[in-house]
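Undergrad:
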Amino acid sequence: MRPFTTKHLLHLMFIPSFPSPTSALSTVFPSQQFGCQYSSHTYGTYIYFTSPNDTNFSFAIHTTWKQYYPIALRAALVLADFRLADAPREDDKHAMCGWQTLDSVSIKGWDRGDLAAKYLSPSRSSLSTQLTPEYVPTNPSSLLAHPKQRDMRLSTITAPPRTPPHQPHPNAETLARVHQILLTNYPGADIAMFILEMASTIFWAVALTLSLVYLLSYVTRHAELRKMRKEELRLQQPQQQRQEQSDGGNGDGDEDEGIELASLRRGKSEAWIVPAMRKLSFPKPCLGARKGGRGVQTTTVQREASLSGATLRDA
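Quick note on numbering: the sequence shown equals residues -24 to -1, 1 to 291 in mature numbering (1 follows the signal peptide of the UniProt record, and there is no 0).
Here you go:
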């Protein structure tokens, strides 16, 4: 399984323009040449090593994990008596190409690694030259010859040996040992980091989506509240005007009532007081006063007259 991390997602987001999906995928995942091991054209890590039992071969393990699993594989190869080698330069095409994939290990969809080997043939890279013993020329024309011609005369060119028609194959024991190393070493730490990275990416995507939804709902609700407040203010304005008008009318009535009450207090007419006094009940005369009944009536009339006169003077 090829881990697809957030690096590829960000890479896809920042691609300026691409004519087709194929070119976009080729930008994220560059195509690897057949039989070559360019680290810039693939995702993962290359581990180069040699075996003391197969000195004519160079081995390489390619794994898609980059953090902890390559360290564990290097340690396991050293413990199994393999020798680690340096990675070849990418500008050396002969060193980067010519690899043959011999084994691929993956368990339950999780990639462990791919084993490749390359046969190292002697004197294959370029023509080899061997200088002959130097001699003193006796011919004057040889002394006046061009320096390049003199160098060619002093050297002989030997052709490189031919490559064998059938490329040899590494020992089965070596391949079995490397296969066992790939089986016993589990990339648990890298898988955990991969799952954690994907979970964090999903979490932040969900959090960003929820934040945008909440912000949109808040803006919408705030706009609705402002609209409702404007409507309430528009409805309350006529009511306030009517209330002000009613309050103004009630104030004039109160002033009139106050004037009437003041006039009633200042001017008390006899027509209002005398009937009230007549309703007053006086105590009946005693039995002893029956003999002089006429005198009793006279005293009551005098009392009423005196009371009425007093009220008139007060008025």
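Every residue gets a Cβ at the ideal spot worked out from N, C-alpha and C, and that includes glycine.
(1) List the endpoints of the continuous beta strand (DSSP E) containing L91.
(2) Counting beta carbon pairs with one atom in the segment 48 to 65 and one in the segment 21 to 38, are three or more of them shorter than 8 Å?
(3) With burial defined as no fewer than 16 other Cβ atoms inside 10 Å of the residue's Cβ, what is the status of D67: buried or exposed?
(4) Could you tell me the alpha carbon to alpha carbon distance between A92 and V182, rounded to whole angstroms?
(5) If W86 sits next to I167, beta carbons under 8 Å apart, how far is it from one beta carbon to the other, in whole angstroms?
(6) Can you tell me whether Q76 is helix, strand or coil according to DSSP?
(7) CB-CB under 7 Å to R153, same chain, minus the five flanking residues each way: which ones, in chain order?
(8) DSSP state of D57, grouped into three classes?
(9) Looking at the structure shown, is H145 part of a helix, part of a strand, or coil, going by DSSP?
(10) The beta strand (DSSP E) with A63 in it runs from where to where?
(11) Is it a yes or a no for the segment 155 to 167 touching the segment 43 to 57, going by three-plus beta-carbon pairs under 8 Å?
(12) Between the alpha carbons of P140 and L78, how many angstroms are there, rounded?
(13) Report the residue from V54, T39 and N32 whose alpha carbon sits nearest the alpha carbon of P144.
(14) Less than 8 Å between the C-beta atoms of L158 and R88, yes or no?
(15) Distance check for S222 and L201, CA to CA, integer angstroms please.
TA: Taking the geometry as given:
(1) Where L91 is concerned, the enclosing beta strand (DSSP E) stretches over W86 to Y95.
(2) The answer is yes - the segment 48 to 65 touches the segment 21 to 38, with three or more Cβ pairs under 8 Å.
(3) It counts as exposed.
(4) Roughly 42 Å between the two C-alpha positions.
(5) For W86 against I167, the beta-carbon gap comes to about 6 Å, under 8 Å, which counts as contact.
(6) Under the three-state reduction of DSSP output, Q76 falls in the strand class.
(7) These residues qualify, in order along the chain: A56.
(8) Judged by DSSP in its simplified three-state form, D57 adopts coil rather than helix or strand.
(9) Three-state result, H145: coil.
(10) That residue, A63, is in no beta strand (DSSP E); it is neither H nor E in DSSP.
(11) A contact exists between the segment 155 to 167 and the segment 43 to 57.
(12) The pLDDT assigned to P140 is 48, lower than 50, so where the model puts this residue is not dependable, and the model offers no usable value.
(13) Ranked by Cα distance from P144, the first of V54, T39 and N32 is N32.
(14) Taking 8 Å as the Cβ cut-off, L158 and R88 qualify as a contacting pair.
(15) For L201 and S222, the distance between alpha carbons rounds to 32 Å.
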